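Enquirer: Have a look at this one before I ask anything.
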Amino acid sequence: MKKKLLYIEGKFEEAINFHEQALQIRRKYYSSDHPHIANSLRNIGDIFHKKDRYDEAFVYFQEALTILEKYYKSFHPDIAKCMSSIGYYFREQRNYDKSLESHQRSLTIYEKCYPTDHVSIALTLNDIADSLGRQDKNNEALNVHCRALQMHKKFIQYDHIDMSKYFCTLGHIYSGQGHYDMAFESYQQSLAVLKKSFFSGHIDIICLLHNIGVVLNILEKFDDAMIFHRQALTMEEEYYPSFQAKIAQTFIWIGHVLRNQEKYEEALDHYKQALVMQKSYYPLGHVNIAFTLQNIGAILSEQGKYDEALEFYQQATIVLEKHGLHNRCDIAFNLMGFGNILCNQEKLDEAIDYYQRALQIQKDYYDHSDHPNLADTINNIGNLLCRQKKYDEAMKFYKEALRIQEKNYPNGHIKIAITLNNIGHVLMNQTKYDESLDYYQQAYSILVKLGSYYPLDQLQIAFNLSYISDVLHLQKKYQEAVEYQQRALSIREKCLPSTHKQIITSCIKISRSLCSQKKYIDALEFQQRALSIEEKIEPINHTNIVDRLCEIGKNFFDQEKYDEALEFFQQALTIIETSDPFNHGYNATLLNSIGKILKQQQKYDEALTFKNRALKIRETHFPSNHQHIASILNDISIIFHEQNKHDEALDCT
Numbered sequence: 079m080k081k082k083l084l085y086i087e088g089k090f091e092e093a094i095n096f097h098e099q100a101l102q103i104r105r106k107y108y109s110s111d112h113p114h115i116a117n118s119l120r121n122i123g124d125i126f127h128k129k130d131r132y133d134e135a136f137v138y139f140q141e142a143l144t145i146l147e148k149y150y151k152s153f154h155p156d157i158a159k160c161m162s163s164i165g166y167y168f169r170e171q172r173n174y175d176k177s178l179e180s181h182q183r184s185l186t187i188y189e190k191c192y193p194t195d196h197v198s199i200a201l202t203l204n205d206i207a208d209s210l211g212r213q214d215k216n217n218e219a220l221n222v223h224c225r226a227l228q229m230h231k232k233f234i235q236y237d238h239i240d241m242s243k244y245f246c247t248l249g250h251i252y253s254g255q256g257h258y259d260m261a262f263e264s265y266q267q268s269l270a271v272l273k274k275s276f277f278s279g280h281i282d283i284i285c286l287l288h289n290i291g292v293v294l295n296i297l298e299k300f301d302d303a304m305i306f307h308r309q310a311l312t313m314e315e316e317y318y319p320s321f322q323a324k325i326a327q328t329f330i331w332i333g334h335v336l337r338n339q340e341k342y343e344e345a346l347d348h349y350k351q352a353l354v355m356q357k358s359y360y361p362l363g364h365v366n367i368a369f370t371l372q373n374i375g376a377i378l379s380e381q382g383k384y385d386e387a388l389e390f391y392q393q394a395t396i397v398l399e400k401h402g403l404h405n406r407c408d409i410a411f412n413l414m415g416f417g418n419i420l421c422n423q424e425k426l427d428e429a430i431d432y433y434q435r436a437l438q439i440q441k442d443y444y445d446h447s448d449h450p451n452l453a454d455t456i457n458n459i460g461n462l463l464c465r466q467k468k469y470d471e472a473m474k475f476y477k478e479a480l481r482i483q484e485k486n487y488p489n490g491h492i493k494i495a496i497t498l499n500n501i502g503h504v505l506m507n508q509t510k511y512d513e514s515l516d517y518y519q520q521a522y523s524i525l526v527k528l529g530s531y532y533p534l535d536q537l538q539i540a541f542n543l544s545y546i547s548d549v550l551h552l553q554k555k556y557q558e559a560v561e562y563q564q565r566a567l568s569i570r571e572k573c574l575p576s577t578h579k580q581i582i583t584s585c586i587k588i589s590r591s592l593c594s595q596k597k598y599i600d601a602l603e604f605q606q607r608a609l610s611i612e613e614k615i616e617p618i619n620h621t622n623i624v625d626r627l628c629e630i631g632k633n634f635f636d637q638e639k640y641d642e643a644l645e646f647f648q649q650a651l652t653i654i655e656t657s658d659p660f661n662h663g664y665n666a667t668l669l670n671s672i673g674k675i676l677k678q679q680q681k682y683d684e685a686l687t688f689k690n691r692a693l694k695i696r697e698t699h700f701p702s703n704h705q706h707i708a709s710i711l712n713d714i715s716i717i718f719h720e721q722n723k724h725d726e727a728l729d730c731t
């Protein structure tokens, strides 16, 4: 009883001491192959497992299992308990096949030893559901979980400690299905149960706080996510300062939140602190070190520090080859990291090669079955081919991904909608607008069918509405395009902060379709809103602000309000000349636009000044027969004609 109380209080060192004392006493009174010895060994292993000392725990589990199998000769609940502990070990090692195998073996034993509705059978079914969920077999996992929960409700009350396991597993499954708000609710329920049974700093409570933080981060509720992770960190540092592996993982989760907030330096600092802790805690190396190296590499890649990023991925490769061979998919993921860096460098052929190598590893690992993870990698290859404008090849990959997804998710899944959208993008780029629209509509129908009650689902629907709007605009169905984009904007306004970039995107697209209908006043409202948001979230010299100023300037130009148009283009030019004078393309475009406005105002000499400045830049960077140069020369020729300077005009032709 004392040992169990220490466990509940999170006093694991004291609990281990009691178990070791018990083991020593039992060794005096029992033979070395007695089940009491095995149970003590398993108890010690369970505590080492809680402390993230998994390899040490596994040694105890194996020794216990050897004793039990020798002693009982056949099925016994103690063997099942030991198999469950081994299943947890394999889960933490990300070896989900062996984890599932261990729990299924445990279930077989319990079913032979107990009635069909025994509580141990229910708990083991829950473990099986968890393993299935981690293999992305979420529908199967949900069915097994429901069976376990119904069985368990016969024996325990809603707030019994065991219920926390069911709520937590359900949260994992919902998260795997992309239903993050439902996952959040399940984790909250699990946390509420734990708080009634454990002291406030218990390790299981800390784990739930992190689960909630991870979901909130996915939902882009970054401040809330940070609160949960930091609350957990405070508890870890107070109650478990020696658990450096867990504290390191907390730093990583905080780093993920900072990364999503584009606070790259702060994120990098947290990842590097985590790496120091992990190297200290795992002096012989560990697969988790590889994952942290990958996180650092990914940040450096996003900062454009590609050579440094590659170095960290190469370090991760060395660690994985030594410690990650039990899960070859981790090596595949690392190869995709290399591919991502090459993709950011626009080395698309090399990137595709890495993705293809990753795909082959996954196919071998999953024994060439149609595992849903294959579809993710196949989609990524399709995306790169699409960027290369190899649309027919991209289409083959997207359709293969779709086939796998439809086989694995017969009731629909958000990933199917994403793949349908990818196919829609290809068809739109091939100007097959009706076919493109059909795929976008299919994706929209799936998303609505799956349920549009949660913010992340709503945002996916908003993307779909925006894609449909894009096609309608290209078909010159401008009013319909506006209506779909306004529906997308309405969703984004409900689900996102008022300064989110997706809101800017919707405003820009609405204004574009309105301008195409010559509804300039209506368009101006959306253009000014987009500019206002950009000015709040970007530095004053950011090129996005320049783009917004130019859009407003063009609107005024099309209304023949040349003074207002000139004002906005000159603001844009001032920003570029001050902050990015070597951005010759932007400079030439703005100079040319200002010259065009001045020509319309019949300020020909000023117009020529700007046109000639634009021409000088173009001649420096393009061959003499380039269309950009020809266009400016033609404009200059027209201005000379307007001035009755026909000889000079002739020289420009």
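Residue 633 in my numbering sits at position 555 of the sequence shown, and the numbers go up by one each step.
All C-beta atoms, glycine included, are put in the ideal place defined by N, C-alpha and C.
Because the structure is a prediction, the values reported are computed rather than measured.
Could you give the C-beta distance for Ser180 and Met161, rounded to a whole number, given that I count them as a contact under 8 Å?
Expert: Here residue 180 refers to the residue found at position 102 when the sequence shown is read from its first residue. Here residue 161 refers to the residue found at position 83 when the sequence shown is read from its first residue. At roughly 5 Å, the Cβ-Cβ gap stays under 8 Å, so Ser180 and Met161 are in contact.
Enquirer: When DSSP labels each residue in this structure, what does Glu46 get in the three-state scheme?
Expert: Only positions 79 to 731 of the chain appear in the structure, and residue 46 is not among them; the question remains open.
Enquirer: In this structure, how does DSSP classify Phe277 when only helix, strand and coil are distinguished?
Expert: Position 199 of the sequence shown holds residue 277. Looking at Phe277 - three-state DSSP - the assignment turns out to be coil, as it is neither helix nor strand.
Enquirer: With DSSP as the reference, label Tyr531 as helix, strand or coil.
Expert: The residue you call residue 531 lines up with position 453 of the sequence shown. Residue placement at Tyr531 cannot be trusted, given a pLDDT of 47 that sits under 50; what the coordinates show is reported in the next sentence. Coil.
Enquirer: Gln595 by DSSP, collapsed to three states: which one?
Expert: Sequence index remark: in the sequence shown, residue 595 carries index 517 (1-based). Residue state, collapsed to three classes: coil.
Enquirer: On a Cα-Cα basis, can you pick out the residue from Ile396, Arg337, Gln438 and Tyr562 that is closest to Leu515?
Expert: Translated into the one-based positions of the sequence shown, residue 515 becomes position 437. It is Tyr562.
Enquirer: In the structure shown, what three-state DSSP assignment does His230 receive?
Expert: Numbered from 1 along the sequence shown, position 152 holds the residue referred to as residue 230. Correct three-state label for His230: helix.
Enquirer: Between Leu413 and the rest of its own chain, which residues show a CB-CB distance below 6 Å, the 5 nearest in sequence each way excluded?
Expert: Counting from one through the sequence shown, the residue named residue 413 turns up at place 335. Closer than 6 Å at Cβ, skipping near neighbours: Tyr432, Arg435 and Ala436.
Enquirer: Can you tell me which of the three DSSP states His449 falls into?
Expert: Locating residue 449 in the sequence shown gives position 371, where the first residue counts as 1. If DSSP states are grouped into helix, strand and coil, His449 belongs with coil.
Enquirer: Short of 6 Å in beta carbon distance, which residues of its chain neighbour Tyr258, apart from the five on each side in sequence? Order them along the chain.
Expert: Locating residue 258 in the sequence shown gives position 180, where the first residue counts as 1. Within the same chain, Tyr258 has close Cβ partners Val293, Ile296, Leu297 and Leu534.
Enquirer: Please return the same chain residues whose Cβ sits closer than 7 Å to the Cβ of Phe139, not counting the five positions on each side in sequence.
Expert: Residue 139 sits at position 61 when you count from the first residue of the sequence shown. Correct list, in chain order: Arg120, Gly123, Cys160, Ser163, Ile164 and Tyr167.
Enquirer: To the nearest angstrom, how far is it from the Cα of Leu371 to the Cα of Lys357?
Expert: Position 293 of the sequence shown holds residue 371. Position 279 of the sequence shown holds residue 357. Straight-line Cα distance between these residues: approximately 11 Å.
Enquirer: Determine the closest residue to Lys441 out of Ser275, Asn670, Arg169 and Ile456, with distance taken between C-alpha atoms.
Expert: If you number the sequence shown from 1, residue 441 lands on position 363. Taking only the C-alpha atoms, the option nearest Lys441 is Ile456.
Enquirer: Round the Cβ separation of Ser268 and Ser242 to the nearest angstrom and send it over; I've been treating them as touching at under 8 Å.
Expert: Sequence index remark: in the sequence shown, residue 268 carries index 190 (1-based). Sequence index remark: in the sequence shown, residue 242 carries index 164 (1-based). Right, the Cβ-Cβ distance comes to about 4 Å (below 8 Å), so this counts as a contact.
Enquirer: Shortest alpha-carbon distance to Arg337 belongs to which of Gly363, Leu311, Pro319 and Gly375?
Expert: For the purposes of this step, residue 337 is identified with residue 259 of the sequence shown, where counting begins at 1. Closest option to Arg337, Cα to Cα, is Gly375.
Enquirer: Quick one, are the C-beta atoms of Leu498 and Ala521 less than 7 Å apart?
Expert: In the sequence shown, residue 498 corresponds to position 420, counting from 1. In the sequence shown, residue 521 corresponds to position 443, counting from 1. Taking 7 Å as the Cβ cut-off, Leu498 and Ala521 qualify as a contacting pair.
Enquirer: When the Cβ atoms of the segment 668-687 are set against those of the segment 644-659, are three or more pairs found closer than 8 Å?
Expert: They touch, by the three-pair rule.
Enquirer: In chain order, what are the residue ranges of uninterrupted alpha helix (DSSP H) at least 4 long that sit wholly in the segment 442-501?
Expert: As far as the segment 442-501 is concerned, its whole alpha helix (DSSP H) runs of at least 4 residues are 450-465 and 469-486.
Enquirer: Considering only the beta carbon of each residue, do Ala608 and Ile588 sit closer than 7 Å?
Expert: If you number the sequence shown from 1, residue 608 lands on position 530. If you number the sequence shown from 1, residue 588 lands on position 510. No, they are not a contact pair.
Enquirer: Please go through the same chain and pick out, in chain order, the residues whose beta-carbon is closer than 6 Å to the beta-carbon of Leu463, but skip the five residues on each side of it.
Expert: Position 385 of the sequence shown, counted from the start, is the residue given in the question as residue 463. Result list for Leu463: Glu471 and Ala472, in chain order.
Enquirer: Please say whether Leu146 and Pro193 have beta carbons closer to each other than 7 Å?
Expert: Along the sequence shown, read from residue 1 onward, the residue named residue 193 stands at position 115. Along the sequence shown, read from residue 1 onward, the residue named residue 146 stands at position 68. No, these two residues do not count as a Cβ contact at 7 Å.
Enquirer: Would you mind stating whether Tyr244 and Asn217 have Cβ atoms separated by less than 7 Å?
Expert: Here residue 244 corresponds to residue number 166 of the sequence shown, with the count starting at 1. Here residue 217 corresponds to residue number 139 of the sequence shown, with the count starting at 1. Their beta carbons are not under 7 Å apart, which means Tyr244 does not touch Asn217 by this criterion.
Enquirer: Are Phe306 and Gln339 close, meaning C-beta to C-beta below 7 Å?
Expert: By 1-based counting over the sequence shown, the position of residue 306 is 228. By 1-based counting over the sequence shown, the position of residue 339 is 261. No.
Enquirer: Which residue from Val335, Ser379, Ser253 and Ile623 puts its Cα closest to that of Ile654?
Expert: Sequence index remark: in the sequence shown, residue 654 carries index 576 (1-based). Cα-wise, what sits closest to Ile654 is Ile623.
Enquirer: Take the Cβ of Ser320 as the centre, count every other Cβ of all protein chains shown within 10 Å, and call the residue buried at 16 or more, exposed below.
Expert: Translated into positions along the sequence shown, residue 320 becomes position 242. The residue is exposed, with fewer than 16 neighbouring Cβ atoms inside 10 Å.
Enquirer: Go ahead and pull the three-state DSSP assignment for Gln705.
Expert: Residue numbering aside, residue 705 sits at position 627 when the sequence shown is read from its first letter. Here Gln705 sits in helix by DSSP.
Enquirer: Suppose only complete runs of 4+ residues qualify. What are the alpha helix (DSSP H) ranges in the segment 138-207, listed by chain order?
Expert: Here the runs fully enclosed are 155-170 and 174-191.
Enquirer: With a CB to CB cut of under 7 Å and the five nearest residues on each side skipped, what residues in its chain are close to Tyr531?
Expert: Within the sequence shown, the letter at position 453 stands for residue 531. Residue placement at Tyr531 cannot be trusted, given a pLDDT of 47 that sits under 50; the coordinates are not used to answer.
Enquirer: Would you decide whether Ser37 is buried or exposed? Buried here means 16 or more other CB atoms lie within 10 Å of its CB.
Expert: Any property of residue 37 remains undetermined from this structure, which presents the chain solely from 79 to 731.
Enquirer: Is the beta carbon of Lys400 less than 7 Å from the beta carbon of Gly363?
Expert: For this step, residue 400 is matched to residue 322 along the sequence shown. For this step, residue 363 is matched to residue 285 along the sequence shown. For Lys400 and Gly363, yes; Cβs fall inside 7 Å.
Enquirer: Answer yes or no: do Leu820 and Gln538 have a C-beta to C-beta separation smaller than 7 Å?
Expert: Examination of residue 820 is not possible in this model, given that the chain is present from 79 through 731 alone.
Enquirer: Output needed for Ala116: all residues of its chain with C-beta closer than 6 Å, excluding positions within five of it in sequence on either side, in chain order.
Expert: Along the sequence shown, read from residue 1 onward, the residue named residue 116 stands at position 38. If we look at Ala116 and ignore the five residues flanking it on each side, its Cβ neighbours are Ala142, Ile145 and Leu146.
Enquirer: Using the C-alpha atoms, what's the distance from Asn619 back to Pro488?
Expert: Translated into positions along the sequence shown, residue 488 becomes position 410. Translated into positions along the sequence shown, residue 619 becomes position 541. The alpha-carbon atoms of Pro488 and Asn619 are separated by roughly 50 Å.
Enquirer: Please work out which residues of its chain come closer than 7 Å, Cβ to Cβ, to Tyr598, disregarding the five sequence neighbours upstream and downstream, and give them in chain order.
Expert: The residue you call residue 598 lines up with position 520 of the sequence shown. Here the set comprises Asn633, Asp636 and Gln637.
Enquirer: Got a sec, what are the start and stop residues for the alpha helix (DSSP H) Asp725 sits in?
Expert: For the purposes of this step, residue 725 is identified with residue 647 of the sequence shown, where counting begins at 1. Unbroken alpha helix (DSSP H) run through Asp725: His724 to Asp729.
Enquirer: Quick check on the DSSP output: the alpha helix (DSSP H) that includes Asp23 runs from which residue to which?
Expert: Because residue 23 is not part of the residues shown, which for the chain are 79 to 731, the question remains open.
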